[in-house]
Structure formats: C-alpha cells, structure tokens
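Chains as they are written, first to last, in this note's numbering: chain R, 22 to 217; chain U, 32 to 204. Think of the CB as a built atom: it goes at the ideal place given N, C-alpha and C, for glycine as much as any other residue.
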C-alpha cells in the first residue's frame, strides 16, 4: 500500500523554506534533490518522500507505516515551516493492490459500468480491452475520488483520494490526524462493499 | 512547455497536467516517477543549471527506490528490509527481477508469487546471495520442467548483466 498527505497552497515560495529544518525532521541518511522550484527529500527507511513544489507539500510513504513517525505529524510540521502561506486544501491518497485468484476484475468492471457493451463496441469500431472507472463524489464537506484500475484480470489497483477544501480551512495540532483517521476508517469500511 | 506527461510504467497513467496545476490533492500513480519527471522537466527547461551540477547521482538513487516500489507492486509482495537494502545496493538485480515478471507469468501462470530471501554462506564472510523463490502449487516434475524452460529461454542469457549473486528457485506448496 502507498499513501500520502498533500497540502495545497495558493502560492508556495520554495526559497522561503529552510531545507535544513526538513532534513532535521527526517533524520540522518536522507537523499536530497533541490532545484529552484522543487525540493525532494527521500528517506530510504520507509521509503518516505517529502516533496515541495507546484504549490504543494506532499509527504508520501510507500508501504506500511511501521517504523516511521505518523505521516500527519510530518505533514503538520512541514506546514508550520510556512507560517505565511495561504492554505487552500489538504487531502489524503491511498493506493491499494487487490488480488483475486478466482474472479476477473476486467469483466467485473465492464459489467458493472458499461450498460450497453455491444453498442459501445459498434460505436468505437473496436473491441473493449478494459475499463478504469473513476468516481468522484461529495460526502458532507469532503470530496472523494475513487479510481479502480485493473492491471490484469487478477490484479486491481484501487486509488482513493479524499479532498478537504472549505472557507476558513486551517491546519492546527491534531487536524490532519483526525481527518486522516476518519478517512482511513471510511475507506476500510467501504472497500469490501465495492465488490459485493 | 509547462509539463511532461510521462508513461513511466507499462500501465496507462493519466497525464500529470491536471495534477500539477490547480488546487487538487489527487495523486494517482507512482510518486517517485513524478519526482523523476519533475527533474527531467527542469533539465529540459534550463539545461545550463545541470551542466554545473551533478543531479544524476541523486536521480539514480531515487530511481533505485522506485525499482523496489515496482517490484513490490507488480509481484504484490512485501520485501523485507534486508532484501530492500540488497536491491538498493544492486539496482542491476532489481532490473532483472522486474523484467522476469513477464517470463515468470508465462511459465507459472498469472499472479505469480515470489519470495525473495537473502542467503549467506557462513564459509565466505560478507557474501550474500538473493534467492528468489517462485511459489507454486504445480506438481514437482511440471514445476522443474518450467523452471528449466525459464532458465534456458531467458534467465541464463541475463547472467552477464549483473555482478552480484542472484538466483531463482522453486518453492513448491
């Protein structure tokens, strides 16, 4: 599983970020790439990736969260390095791989999301190989994006995004942790129901 | 030019344009591929910056990490810390394991499972070998025949491509 927390600003001045602070946060043995409009810090343990650029801070963990500190703490501390930046939104992303030894994801998704396959084949003038549905929906004040991508008939990658954007949005102590846990619990709840 | 949309792996990936501008937090795809793309974009836009600085070493290291991600992703396997360390230090081996997927799938069926393990020889201090066990339920004779095919038709031709020890073996359930 891969997951990240993304924080979006109106404008992000990379030059105003003290990269030494981020290095100190991440500890020893990190790889750093700095160019004028992007900074990337990689800690192989994890691996953990912190990216700054394109109006965003992104903290990514590839794999399960075991020995590294919580992502929400890292993301919050990175946000605190930008006291004057105008926060626009924050969001969480999860990539999960699912295997089916018996079912066929490609057929399942085509059946679930293409109501007139013969008509579609006729209109396209070619056979259908696969479909990657992307569903965007709103639930209370959170916008969700769900992408179901079949890799082959027995492998599927599900990508979840939950996007928080509203007037007066701010990140204070505990904000990201609370939202992260709410989102994670919600996705855990609906994932089994997706293939019922 | 504002952006490159890069197809970094065999799966089709949405272009990056929508996610590099605007206020979206959605990410979809491999973030380490985006890092590579970002640096490549910068190199194309201002090559003079890269004549004076050596970013290639950092770029290579980041790509090595993305190899590990891809192996875990394509084989749906969690690699132990010591296997990850071995692959990080031996990217040539990581490339071979990635390329092997199509051949292993061909011989051992879809969703082929592997179990990589570090093997040490107590008589040779410091010596390590990465053994990739192919997990299969096939009858023994059948599995051995397919292993021989894999070796003869692909793996043995790759031996010149990597310096460190790598081998494939069977784990029959």
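1. Should the stretch 51 to 65 of chain R be called in touch with the stretch 150 to 163 of chain R, which here means at least 3 C-beta pairs below 8 Å?
2. When the Cα atoms are used, what is the spatial distance from residue 163(U) to residue 108(R)?
3. Contact defined as beta carbons within less than 8 Å: I believe residue 118(R) pairs with residue 50(R). What is the distance between those atoms, to the nearest angstrom?
4. Along chain R, which residues have their Cβ under 7 Å away from the Cβ of residue 104(U)?
5. Going along chain U, which residues have a C-beta under 8 Å from residue 111(R)?
6. 8 Å is my cut-off, CB to CB: does residue 131(U) come that close to chain R?
7. Just to confirm the assignment, what range does the alpha helix (DSSP H) spanning residue 54(R) have?
8. For the beta strand (DSSP E) containing residue 143(R), name the first residue and the last one.
9. Once you ignore the five residues that flank residue 187(R) on each side, which residues in its own chain have a CB closer than 7 Å to its CB?
10. Residues of chain U with CB under 7 Å from residue 122(R), in chain order?
11. Output, in sequence order along the chain, the residues in the stretch 117 to 128 of chain U whose CB is closer than 7 Å to any CB in chain R.
12. When burial is assigned at 16 or more other CB atoms within 10 Å of the CB, is residue 41(R) buried or exposed?
13. Could you check what DSSP says for residue 144(U) in three-state terms: helix, strand or coil?
14. Under 8 Å, do residue 29(R) and residue 110(R) count as touching if we go by C-beta distance?
15. Using DSSP with H/G/I as helix, E/B as strand and the rest coil, what is residue 124(U)?
16. The ligand NAD and residue 128(U): does any heavy atom of the ligand fall closer than 7 Å to the residue's C-beta?
17. Find the nearest neighbour of residue 55(U) within the set 43(R), 52(R) and 79(R), judged by alpha-carbon distance.
18. Taking the alpha-carbon of residue 25(R) as reference, which of 172(R), 184(R) and 154(R) has the nearest alpha-carbon?
This is what the structure holds:
1. No contact exists between the stretch 51 to 65 of chain R and the stretch 150 to 163 of chain R.
2. On the second chain, residue 163(U) is found 132 positions in, with the first residue counted as 1. On the first chain, residue 108(R) is found 87 positions in, with the first residue counted as 1. When rounded, the distance between both Cα atoms is 47 Å.
3. By one-based count along the first chain, residue 118(R) stands at place 97. By one-based count along the first chain, residue 50(R) stands at place 29. In fact, because the Cβ distance is near 28 Å, the residues do not count as touching under 8 Å.
4. Sequence index remark: in the second chain, residue 104(U) carries index 73 (1-based). Chain R residues near residue 104(U): 118.
5. As a working note, residue 111(R) is residue 90 in the first chain. Residue 111(R) reaches chain U at 56, counting residues in chain order whose Cβ is nearer than 8 Å.
6. The residue labelled residue 131(U) in the question sits at position 100 within the second chain. The C-beta of residue 131(U) comes no closer than 8 Å to any C-beta of chain R.
7. Taking the first residue of the first chain as 1, we reach residue 54(R) at position 33. Careful: residue 54(R) lies outside any alpha helix (DSSP H), inside the beta strand (DSSP E) at 52 to 56.
8. Residue 143(R) sits at position 122 when you count from the first residue of the first chain. Counting along the chain, residue 143(R) falls outside any beta strand (DSSP E), though it belongs to the alpha helix (DSSP H) covering 138 to 145.
9. Against the first chain, residue 187(R) aligns to sequence position 166. Answer for residue 187(R): 162, listed in chain order.
10. In the first chain, residue 122(R) corresponds to position 101, counting from 1. Proximity of chain U to residue 122(R) at the Cβ level (cut-off 7 Å) is accounted for by 142, in chain order.
11. Within the stretch 117 to 128 of chain U, those residues whose Cβ lies closer than 7 Å to any Cβ of chain R are, in chain order, 119.
12. Reading the first chain from its first residue, position 20 is the one you call residue 41(R). So residue 41(R) ends up on the exposed side.
13. For the purposes of this step, residue 144(U) is taken as the residue at position 113 of the second chain. Assigned with DSSP and collapsed to three states, residue 144(U) falls in strand.
14. Taking the first residue of the first chain as position 1, residue 29(R) is located at position 8. Taking the first residue of the first chain as position 1, residue 110(R) is located at position 89. Yes, these two residues count as a Cβ contact at 8 Å.
15. Start at 1 with the first residue of the second chain, and residue 124(U) comes out as number 93. In the structure shown, residue 124(U) sits in a helix (DSSP, three-state: H, G or I).
16. Within the structure as shown, the ligand NAD is missing, as the structure has no ligands at all.
17. Translated into the one-based positions of the second chain, residue 55(U) becomes position 24. Among 43(R), 52(R) and 79(R), the Cα nearest to that of residue 55(U) belongs to 79(R).
18. In the first chain, the residue the question calls residue 25(R) occupies position 4. Sorting 172(R), 184(R) and 154(R) by C-alpha distance to the C-alpha of residue 25(R) places 184(R) at the top.
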